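Just so we're aligned: the sequence shown equals residues 9 to 432 in the working numbering.
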Amino acid sequence: FIVFNLNAVTGENWSLGNIVLPLAISFFTFQQIAYLVDSYKGITKEYSFLHYALFVSFFPQLIAGPIVHHKDMLPQFSSTKRYQVNSTNFKIGLTIFAIGFFKKTVLADGIAVYANPIFTIADAGGDVDFFMAWGGSLAYTFQLYFDFSGYSDMAIGLARLFGIILPLNFYSPYKAANISEFWRRWHITLSHFLRDYVYIALGGNRSGKIKRYSNLFITMLLGGLWHGAGWNFIIWGALHGSYLMINLGWQALKLKYSLFITETKIYIFSAWLITFIAVVIGWVFFRAVTLDGALTILKGMVGLNGIEIPNAILARTGSLGSSLQALGITPSNGGKTFVMTWLWNMILLIFVLTLPNIQDLFFKTKGTLSEFNYENQSTFWPIRKLILGFSWADTRRWALFSGACLALGMLTLSQVSEFLYFQF
(Lines of atoms letter the chains of each structure in order from A and count residues from 1; the text may use other names and numbers.)
(Lines give C-alpha, C1' and ligand atoms only; values in the text may rest on other atoms or scores of the structure.)
Protein backbone atom coordinates (compact mmCIF):
# COMPACT_ATOMS: atom_id res chain seq x y z
CA PHE A 1 0.00 0.00 0.00
CA ILE A 2 2.80 2.42 0.96
CA VAL A 3 4.89 1.49 -2.08
CA PHE A 4 1.86 1.87 -4.38
CA ASN A 5 1.19 5.39 -3.12
CA LEU A 6 4.88 6.34 -3.27
CA ASN A 7 4.94 5.21 -6.90
CA ALA A 8 1.84 7.30 -7.62
CA VAL A 9 3.46 10.40 -6.11
CA THR A 10 7.01 10.00 -7.45
CA GLY A 11 6.31 8.31 -10.77
CA GLU A 12 8.69 5.48 -9.87
CA ASN A 13 8.00 1.76 -10.28
CA TRP A 14 9.26 0.26 -7.03
CA SER A 15 8.14 -3.24 -6.18
CA LEU A 16 8.38 -5.52 -3.16
CA GLY A 17 7.81 -8.62 -5.26
CA ASN A 18 5.24 -11.26 -4.43
CA ILE A 19 4.70 -11.39 -0.68
CA VAL A 20 3.12 -14.61 0.55
CA LEU A 21 1.32 -14.36 3.89
CA PRO A 22 -0.03 -17.23 6.00
CA LEU A 23 -3.78 -17.73 5.91
CA ALA A 24 -5.62 -15.81 8.66
CA ILE A 25 -2.42 -14.14 9.89
CA SER A 26 -4.33 -11.19 11.35
CA PHE A 27 -6.54 -13.41 13.49
CA PHE A 28 -3.92 -15.53 15.24
CA THR A 29 -1.59 -12.53 15.48
CA PHE A 30 -4.20 -10.69 17.57
CA GLN A 31 -4.54 -13.70 19.87
CA GLN A 32 -0.79 -13.76 20.48
CA ILE A 33 -0.56 -9.98 20.89
CA ALA A 34 -3.16 -10.17 23.66
CA TYR A 35 -1.24 -12.98 25.35
CA LEU A 36 2.11 -11.16 25.14
CA VAL A 37 0.67 -7.86 26.40
CA ASP A 38 -1.05 -9.56 29.33
CA SER A 39 2.11 -11.56 30.08
CA TYR A 40 4.09 -8.32 30.18
CA LYS A 41 1.51 -6.91 32.61
CA GLY A 42 1.80 -10.05 34.74
CA ILE A 43 -1.87 -10.99 34.51
CA THR A 44 -1.51 -14.33 32.71
CA LYS A 45 -1.42 -17.64 34.52
CA GLU A 46 1.17 -20.35 34.03
CA TYR A 47 0.29 -22.93 31.39
CA SER A 48 2.32 -25.56 29.60
CA PHE A 49 3.75 -24.93 26.15
CA LEU A 50 1.46 -27.68 24.84
CA HIS A 51 -1.63 -25.82 26.03
CA TYR A 52 -0.32 -22.56 24.57
CA ALA A 53 0.38 -24.26 21.23
CA LEU A 54 -3.17 -25.63 21.22
CA PHE A 55 -4.50 -22.15 22.02
CA VAL A 56 -2.80 -20.53 19.00
CA SER A 57 -3.55 -23.40 16.60
CA PHE A 58 -7.04 -24.58 17.57
CA PHE A 59 -8.46 -25.15 14.10
CA PRO A 60 -12.24 -24.37 14.23
CA GLN A 61 -11.85 -20.61 14.67
CA LEU A 62 -8.28 -20.19 13.46
CA ILE A 63 -9.11 -19.04 9.91
CA ALA A 64 -11.70 -16.31 10.47
CA GLY A 65 -12.55 -16.05 14.14
CA PRO A 66 -13.99 -15.61 16.64
CA ILE A 67 -10.77 -14.03 17.96
CA VAL A 68 -10.32 -15.98 21.18
CA HIS A 69 -8.66 -14.72 24.36
CA HIS A 70 -6.27 -16.74 26.45
CA LYS A 71 -8.23 -16.20 29.68
CA ASP A 72 -11.24 -17.88 28.07
CA MET A 73 -9.49 -20.70 26.25
CA LEU A 74 -6.45 -21.86 28.22
CA PRO A 75 -8.46 -22.90 31.30
CA GLN A 76 -10.62 -25.04 29.00
CA PHE A 77 -7.62 -26.61 27.24
CA SER A 78 -5.96 -27.42 30.56
CA SER A 79 -9.08 -29.19 31.87
CA THR A 80 -9.18 -32.91 31.05
CA LYS A 81 -12.96 -32.94 31.50
CA ARG A 82 -13.35 -30.89 28.34
CA TYR A 83 -12.22 -33.73 26.09
CA GLN A 84 -14.69 -36.34 27.28
CA VAL A 85 -17.33 -37.53 24.80
CA ASN A 86 -20.60 -35.83 25.65
CA SER A 87 -23.80 -36.45 23.70
CA THR A 88 -25.29 -33.08 24.70
CA ASN A 89 -22.23 -31.20 23.46
CA PHE A 90 -22.36 -33.19 20.23
CA LYS A 91 -26.03 -32.34 19.63
CA ILE A 92 -25.59 -28.66 20.48
CA GLY A 93 -22.44 -28.40 18.39
CA LEU A 94 -23.98 -30.12 15.40
CA THR A 95 -27.07 -27.87 15.51
CA ILE A 96 -25.02 -24.67 15.73
CA PHE A 97 -22.77 -25.91 12.91
CA ALA A 98 -25.82 -26.74 10.77
CA ILE A 99 -27.26 -23.24 11.28
CA GLY A 100 -23.96 -21.64 10.29
CA PHE A 101 -23.61 -23.96 7.30
CA PHE A 102 -27.10 -22.98 6.10
CA LYS A 103 -26.37 -19.27 6.57
CA LYS A 104 -23.22 -19.51 4.45
CA THR A 105 -24.23 -21.88 1.66
CA VAL A 106 -27.90 -20.98 1.19
CA LEU A 107 -28.30 -17.38 2.34
CA ALA A 108 -24.88 -15.74 1.82
CA ASP A 109 -24.04 -17.52 -1.43
CA GLY A 110 -27.64 -17.15 -2.60
CA ILE A 111 -27.64 -13.35 -2.31
CA ALA A 112 -24.03 -13.05 -3.57
CA VAL A 113 -25.08 -13.59 -7.19
CA TYR A 114 -27.04 -10.31 -6.99
CA ALA A 115 -24.36 -8.31 -5.15
CA ASN A 116 -21.16 -9.22 -6.99
CA PRO A 117 -22.15 -8.23 -10.57
CA ILE A 118 -23.17 -4.72 -9.52
CA PHE A 119 -19.87 -4.01 -7.77
CA THR A 120 -18.01 -5.54 -10.72
CA ILE A 121 -19.75 -3.08 -13.06
CA ALA A 122 -18.93 -0.15 -10.77
CA ASP A 123 -15.26 -1.14 -10.39
CA ALA A 124 -14.98 -1.50 -14.18
CA GLY A 125 -16.14 2.09 -14.67
CA GLY A 126 -19.74 1.41 -15.66
CA ASP A 127 -22.73 3.42 -14.45
CA VAL A 128 -24.96 2.04 -11.71
CA ASP A 129 -28.43 3.54 -11.35
CA PHE A 130 -30.42 4.15 -8.16
CA PHE A 131 -32.10 0.74 -7.78
CA MET A 132 -28.99 -1.16 -8.89
CA ALA A 133 -26.83 0.72 -6.38
CA TRP A 134 -29.19 0.18 -3.45
CA GLY A 135 -30.01 -3.38 -4.49
CA GLY A 136 -26.34 -4.34 -4.76
CA SER A 137 -25.34 -2.55 -1.55
CA LEU A 138 -28.12 -4.17 0.46
CA ALA A 139 -27.33 -7.55 -1.08
CA TYR A 140 -23.69 -7.26 0.01
CA THR A 141 -24.80 -6.07 3.45
CA PHE A 142 -26.67 -9.33 3.94
CA GLN A 143 -24.09 -11.47 2.13
CA LEU A 144 -21.30 -10.32 4.44
CA TYR A 145 -23.36 -10.83 7.58
CA PHE A 146 -24.59 -14.32 6.75
CA ASP A 147 -21.18 -15.35 5.37
CA PHE A 148 -19.16 -14.15 8.35
CA SER A 149 -21.65 -15.01 11.09
CA GLY A 150 -22.19 -18.35 9.35
CA TYR A 151 -18.48 -19.13 9.63
CA SER A 152 -18.47 -18.03 13.28
CA ASP A 153 -21.43 -20.29 14.03
CA MET A 154 -19.72 -23.20 12.26
CA ALA A 155 -16.57 -22.60 14.30
CA ILE A 156 -18.55 -22.42 17.55
CA GLY A 157 -20.36 -25.63 16.62
CA LEU A 158 -17.18 -27.51 15.66
CA ALA A 159 -15.46 -26.47 18.88
CA ARG A 160 -18.47 -27.60 20.90
CA LEU A 161 -18.12 -31.11 19.41
CA PHE A 162 -14.82 -31.25 21.33
CA GLY A 163 -16.38 -29.80 24.46
CA ILE A 164 -14.81 -26.36 23.92
CA ILE A 165 -17.04 -23.28 24.24
CA LEU A 166 -16.08 -20.28 22.09
CA PRO A 167 -17.14 -16.64 22.58
CA LEU A 168 -20.10 -15.13 20.76
CA ASN A 169 -19.09 -13.12 17.69
CA PHE A 170 -22.41 -11.77 16.37
CA TYR A 171 -25.62 -10.79 18.10
CA SER A 172 -28.11 -9.58 15.46
CA PRO A 173 -26.08 -6.44 14.59
CA TYR A 174 -28.58 -5.11 12.05
CA LYS A 175 -31.15 -4.70 14.82
CA ALA A 176 -29.01 -2.00 16.47
CA ALA A 177 -30.48 1.49 16.66
CA ASN A 178 -27.21 3.34 17.18
CA ILE A 179 -23.69 2.73 15.93
CA SER A 180 -22.27 1.97 19.39
CA GLU A 181 -24.85 -0.76 19.77
CA PHE A 182 -23.92 -2.04 16.31
CA TRP A 183 -20.29 -2.49 17.36
CA ARG A 184 -21.40 -4.30 20.51
CA ARG A 185 -23.14 -6.79 18.21
CA TRP A 186 -20.88 -6.99 15.11
CA HIS A 187 -17.60 -8.96 15.19
CA ILE A 188 -17.76 -8.78 18.96
CA THR A 189 -14.36 -10.36 19.58
CA LEU A 190 -12.62 -7.82 17.31
CA SER A 191 -14.46 -4.99 19.06
CA HIS A 192 -13.25 -6.31 22.43
CA PHE A 193 -9.66 -6.55 21.20
CA LEU A 194 -9.68 -3.01 19.78
CA ARG A 195 -11.22 -1.72 23.00
CA ASP A 196 -8.85 -3.51 25.38
CA TYR A 197 -5.56 -3.27 23.46
CA VAL A 198 -5.90 -0.13 21.34
CA TYR A 199 -8.55 2.25 22.69
CA ILE A 200 -7.67 1.80 26.38
CA ALA A 201 -3.95 1.77 25.55
CA LEU A 202 -4.38 5.18 23.88
CA GLY A 203 -6.00 6.51 27.04
CA GLY A 204 -9.62 5.55 26.52
CA ASN A 205 -12.00 8.09 28.00
CA ARG A 206 -9.73 9.11 30.86
CA SER A 207 -8.36 12.37 29.40
CA GLY A 208 -11.38 14.48 28.54
CA LYS A 209 -13.87 14.58 25.69
CA ILE A 210 -11.53 15.70 22.89
CA LYS A 211 -8.99 13.00 23.72
CA ARG A 212 -11.76 10.42 24.02
CA TYR A 213 -13.08 11.32 20.58
CA SER A 214 -9.63 11.22 18.98
CA ASN A 215 -8.83 7.88 20.65
CA LEU A 216 -12.07 6.46 19.31
CA PHE A 217 -11.36 7.73 15.80
CA ILE A 218 -7.79 6.38 15.78
CA THR A 219 -9.01 3.00 17.05
CA MET A 220 -11.53 2.64 14.24
CA LEU A 221 -8.98 3.87 11.69
CA LEU A 222 -6.63 1.10 12.81
CA GLY A 223 -9.56 -1.31 12.69
CA GLY A 224 -10.00 -0.37 9.06
CA LEU A 225 -6.30 -0.91 8.34
CA TRP A 226 -6.49 -4.32 10.03
CA HIS A 227 -8.88 -5.42 7.29
CA GLY A 228 -6.50 -4.33 4.56
CA ALA A 229 -3.94 -1.71 3.58
CA GLY A 230 -6.01 0.29 1.12
CA TRP A 231 -7.82 3.61 0.89
CA ASN A 232 -11.25 1.98 0.90
CA PHE A 233 -10.59 0.27 4.23
CA ILE A 234 -9.11 3.46 5.67
CA ILE A 235 -12.22 5.39 4.60
CA TRP A 236 -14.43 2.66 6.05
CA GLY A 237 -12.61 2.89 9.39
CA ALA A 238 -12.74 6.70 9.32
CA LEU A 239 -16.48 6.59 8.58
CA HIS A 240 -17.18 4.36 11.57
CA GLY A 241 -14.91 6.47 13.75
CA SER A 242 -16.93 9.53 12.70
CA TYR A 243 -20.20 7.67 13.26
CA LEU A 244 -19.15 6.77 16.80
CA MET A 245 -18.08 10.34 17.59
CA ILE A 246 -21.41 11.70 16.29
CA ASN A 247 -23.28 9.15 18.38
CA LEU A 248 -21.33 10.08 21.52
CA GLY A 249 -22.06 13.75 20.88
CA TRP A 250 -25.76 13.04 20.36
CA GLN A 251 -25.96 11.00 23.57
CA ALA A 252 -24.29 13.87 25.45
CA LEU A 253 -26.80 16.38 24.01
CA LYS A 254 -29.70 14.13 24.96
CA LEU A 255 -28.42 13.93 28.52
CA LYS A 256 -27.62 17.63 28.82
CA TYR A 257 -30.89 18.97 27.43
CA SER A 258 -33.16 16.06 28.46
CA LEU A 259 -34.01 15.25 24.84
CA PHE A 260 -36.11 12.21 23.97
CA ILE A 261 -36.20 10.97 27.56
CA THR A 262 -39.05 8.69 26.53
CA GLU A 263 -37.91 6.88 23.41
CA THR A 264 -41.07 6.32 21.38
CA LYS A 265 -41.44 3.63 18.74
CA ILE A 266 -41.10 6.28 16.04
CA TYR A 267 -37.85 7.52 17.59
CA ILE A 268 -36.42 4.01 17.89
CA PHE A 269 -37.43 3.10 14.34
CA SER A 270 -35.90 6.33 12.99
CA ALA A 271 -32.70 5.70 14.94
CA TRP A 272 -32.55 2.14 13.60
CA LEU A 273 -33.12 3.30 10.01
CA ILE A 274 -30.40 5.97 10.20
CA THR A 275 -27.97 3.47 11.74
CA PHE A 276 -28.73 0.80 9.15
CA ILE A 277 -28.29 3.21 6.22
CA ALA A 278 -25.00 4.47 7.70
CA VAL A 279 -23.73 0.89 7.99
CA VAL A 280 -24.77 0.09 4.41
CA ILE A 281 -22.89 3.15 3.13
CA GLY A 282 -19.82 1.98 5.01
CA TRP A 283 -20.04 -1.47 3.42
CA VAL A 284 -19.87 0.13 -0.04
CA PHE A 285 -16.24 1.14 0.64
CA PHE A 286 -15.59 -2.21 2.32
CA ARG A 287 -16.75 -4.19 -0.73
CA ALA A 288 -15.65 -2.10 -3.71
CA VAL A 289 -12.22 -3.01 -5.09
CA THR A 290 -11.45 0.55 -6.16
CA LEU A 291 -12.25 3.95 -4.70
CA ASP A 292 -13.81 4.99 -8.02
CA GLY A 293 -16.06 1.94 -7.84
CA ALA A 294 -17.26 2.89 -4.37
CA LEU A 295 -17.94 6.47 -5.46
CA THR A 296 -19.89 5.19 -8.48
CA ILE A 297 -22.12 3.13 -6.18
CA LEU A 298 -22.66 6.12 -3.88
CA LYS A 299 -23.52 8.35 -6.84
CA GLY A 300 -26.08 5.79 -7.89
CA MET A 301 -27.53 5.64 -4.37
CA VAL A 302 -28.33 9.36 -4.47
CA GLY A 303 -29.73 9.17 -8.01
CA LEU A 304 -26.91 10.91 -9.87
CA ASN A 305 -26.68 8.02 -12.35
CA GLY A 306 -30.39 8.06 -13.05
CA ILE A 307 -33.26 5.81 -12.02
CA GLU A 308 -34.19 2.78 -14.09
CA ILE A 309 -37.16 0.43 -13.78
CA PRO A 310 -37.56 -2.66 -15.99
CA ASN A 311 -39.95 -2.41 -18.93
CA ALA A 312 -41.89 -5.42 -17.71
CA ILE A 313 -42.74 -3.63 -14.46
CA LEU A 314 -43.54 -0.26 -16.04
CA ALA A 315 -45.87 -1.96 -18.54
CA ARG A 316 -47.95 -3.34 -15.66
CA THR A 317 -48.37 0.02 -13.92
CA GLY A 318 -50.49 1.66 -16.62
CA SER A 319 -50.74 5.43 -16.35
CA LEU A 320 -48.46 5.42 -13.32
CA GLY A 321 -45.67 4.04 -15.49
CA SER A 322 -46.16 6.84 -18.01
CA SER A 323 -46.04 9.40 -15.21
CA LEU A 324 -42.83 7.89 -13.84
CA GLN A 325 -41.20 8.09 -17.27
CA ALA A 326 -42.30 11.70 -17.56
CA LEU A 327 -40.47 12.37 -14.29
CA GLY A 328 -37.24 11.04 -15.79
CA ILE A 329 -37.33 7.36 -14.84
CA THR A 330 -35.83 5.30 -17.65
CA PRO A 331 -37.13 1.90 -18.85
CA SER A 332 -34.57 -0.91 -18.80
CA ASN A 333 -34.18 -4.64 -19.36
CA GLY A 334 -33.48 -7.25 -16.70
CA GLY A 335 -36.85 -7.51 -15.02
CA LYS A 336 -36.18 -10.94 -13.50
CA THR A 337 -32.86 -9.88 -11.96
CA PHE A 338 -34.46 -6.70 -10.60
CA VAL A 339 -37.30 -8.62 -8.96
CA MET A 340 -35.07 -11.38 -7.55
CA THR A 341 -32.57 -8.88 -6.13
CA TRP A 342 -35.22 -6.99 -4.22
CA LEU A 343 -37.11 -10.14 -3.22
CA TRP A 344 -33.94 -11.59 -1.70
CA ASN A 345 -33.21 -8.30 0.05
CA MET A 346 -36.69 -8.07 1.57
CA ILE A 347 -36.65 -11.68 2.76
CA LEU A 348 -33.22 -11.36 4.37
CA LEU A 349 -34.16 -8.03 5.95
CA ILE A 350 -37.10 -9.77 7.63
CA PHE A 351 -34.77 -12.57 8.73
CA VAL A 352 -32.21 -10.29 10.38
CA LEU A 353 -34.86 -8.19 12.13
CA THR A 354 -37.13 -10.90 13.45
CA LEU A 355 -35.43 -14.28 13.84
CA PRO A 356 -33.45 -15.32 16.92
CA ASN A 357 -29.69 -15.79 16.77
CA ILE A 358 -27.65 -18.62 18.31
CA GLN A 359 -27.28 -16.77 21.61
CA ASP A 360 -31.07 -16.58 21.84
CA LEU A 361 -31.52 -20.19 20.76
CA PHE A 362 -28.86 -21.68 23.05
CA PHE A 363 -28.91 -19.25 25.97
CA LYS A 364 -30.32 -21.89 28.34
CA THR A 365 -27.67 -24.44 27.35
CA LYS A 366 -24.69 -22.03 27.23
CA GLY A 367 -24.10 -22.14 23.51
CA THR A 368 -21.32 -19.53 23.80
CA LEU A 369 -19.18 -17.95 26.51
CA SER A 370 -21.49 -14.92 26.71
CA GLU A 371 -23.30 -14.89 30.03
CA PHE A 372 -26.03 -12.38 29.29
CA ASN A 373 -28.76 -11.79 26.76
CA TYR A 374 -28.73 -8.39 25.02
CA GLU A 375 -32.39 -8.80 24.17
CA ASN A 376 -33.36 -8.47 27.81
CA GLN A 377 -31.00 -5.58 28.56
CA SER A 378 -31.21 -3.33 25.53
CA THR A 379 -33.99 -0.90 24.63
CA PHE A 380 -32.69 -0.61 21.07
CA TRP A 381 -34.99 -3.07 19.33
CA PRO A 382 -36.94 -1.35 16.53
CA ILE A 383 -38.66 -4.56 15.53
CA ARG A 384 -39.29 -7.20 18.18
CA LYS A 385 -38.65 -10.83 17.41
CA LEU A 386 -41.64 -12.72 16.10
CA ILE A 387 -40.43 -15.89 17.77
CA LEU A 388 -40.15 -15.30 21.51
CA GLY A 389 -38.98 -18.00 23.90
CA PHE A 390 -37.92 -20.19 20.98
CA SER A 391 -34.89 -22.04 22.36
CA TRP A 392 -33.03 -25.25 21.60
CA ALA A 393 -34.04 -28.50 23.26
CA ASP A 394 -32.93 -32.10 22.88
CA THR A 395 -35.93 -33.11 20.80
CA ARG A 396 -36.65 -34.87 17.52
CA ARG A 397 -37.94 -31.60 16.06
CA TRP A 398 -34.56 -29.92 16.53
CA ALA A 399 -32.79 -32.97 15.10
CA LEU A 400 -34.96 -32.71 11.97
CA PHE A 401 -34.27 -28.97 11.79
CA SER A 402 -30.50 -29.57 11.92
CA GLY A 403 -30.74 -32.27 9.27
CA ALA A 404 -32.77 -29.99 7.00
CA CYS A 405 -30.20 -27.17 7.32
CA LEU A 406 -27.35 -29.55 6.46
CA ALA A 407 -29.25 -31.10 3.55
CA LEU A 408 -30.23 -27.75 2.02
CA GLY A 409 -26.66 -26.51 2.40
CA MET A 410 -25.22 -29.59 0.70
CA LEU A 411 -27.59 -29.20 -2.23
CA THR A 412 -25.95 -25.84 -3.02
CA LEU A 413 -22.36 -27.16 -3.04
CA SER A 414 -22.08 -27.42 -6.81
CA GLN A 415 -19.42 -24.68 -6.91
CA VAL A 416 -16.47 -23.70 -4.74
CA SER A 417 -17.24 -20.66 -2.58
CA GLU A 418 -14.73 -19.33 -0.07
CA PHE A 419 -15.56 -17.37 3.05
CA LEU A 420 -15.31 -13.60 2.61
CA TYR A 421 -13.16 -13.08 5.72
CA PHE A 422 -10.50 -15.54 4.56
CA GLN A 423 -8.79 -12.60 2.83
CA PHE A 424 -8.14 -10.95 6.18
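Cβ atoms here follow ideal geometry from the backbone N, Cα and C, with glycine treated the same way. These numbers were taken from a predicted model, which means no experiment stands behind them.
Within the segment 100–139, not a single complete beta strand (DSSP E) segment reaches 3 residues in length. Residue state for T338 is assigned as strand, using DSSP reduced to three classes. Taking a cut-off of 8 Å on C-beta distances, the segment 298–317 touches the segment 120–140, as three or more cross pairs fall below it. G249 is positioned such that its CB atom lies no closer than 8 Å to that of I242. In this structure, the alpha-carbon of S157 lies about 9 Å from that of S180. A straight-line Cα-Cα distance of about 16 Å links G211 and L229. In the DSSP assignment, P318 is bridged to S340. Sequence-distant Cβ neighbours of M81 in its own chain, meaning closer than 6 Å and more than five residues away, are F63.
A direct Cα-Cα distance of roughly 17 Å separates R192 from L247.
Rounded to the nearest angstrom, the gap between the Cα atoms of W258 and V93 is 51 Å. Here DSSP, grouped into helix, strand and coil, assigns L152 to helix. Taking the CA atoms as reference points, P83 sits about 30 Å from S410.
Here T96 carries a helix assignment [DSSP, helix/strand/coil]. Sequence-distant partners of D368 (beyond 5 residues in either direction) whose C-beta falls short of 6 Å from its own C-beta are missing from its chain. Taking a cut-off of 8 Å on C-beta distances, the segment 145–156 touches the segment 117–136, as three or more cross pairs fall below it. For the 8 Å CB-CB criterion, A279 and N186 form a contact. Only residues of its own chain outside the window of five on either side were considered, and among them W400 have a CB closer than 6 Å to the CB of F370, listed in chain order.
Here F109 is not near L357, since their CB atoms are 8 Å or more apart. DSSP places D402 outside both helix and strand once states are collapsed to three, so it counts as coil. By the CB criterion at 8 Å, P318 and F346 fall inside the cutoff. Counting along the chain, the unbroken alpha helix (DSSP H) around R220 starts and ends at K217 to H235. Of the residues assessed, N26 falls on the exposed side of the cut-off, its CB having fewer than 16 other CB atoms within 10 angstroms. Rounded to whole angstroms, the separation of the alpha carbons of A334 and K374 is 59 Å. The continuous alpha helix (DSSP H) containing R295 extends over residues K273 to R295.
For the pair I305 and G144, the CB atoms are nearer than the 8 Å cut-off. For N240, the enclosing alpha helix (DSSP H) covers residues W239 to Y265.
Relative to the Cα of L421, the nearest Cα in the group F36, A116 and S86 belongs to A116. Within 10 angstroms of the beta-carbon of L174 lie 16 or more other beta-carbons, which makes it buried. Between F201 and F38, the CB-CB gap stays under 8 Å. One Cα belongs to I104, the other to K217, and the distance between them is close to 42 Å. For F293, the closest of W239, T403, I75 and E20 by C-alpha to C-alpha distance is W239. With fewer than 16 other Cβ atoms from the protein chains shown falling within 10 Å of its own Cβ, K79 counts as exposed. Cβ contact annotation for K111 (same chain, cutoff 8 Å, sequence separation greater than five): F154, D155, S157, G158 and D161, in chain order. Residue burial is scored here from C-beta neighbours: Y48 has fewer than 16 other C-beta atoms within 10 angstroms and is therefore classed as exposed.
Looking at the backbone, the Cα of I75 and that of D204 are separated by about 13 Å.
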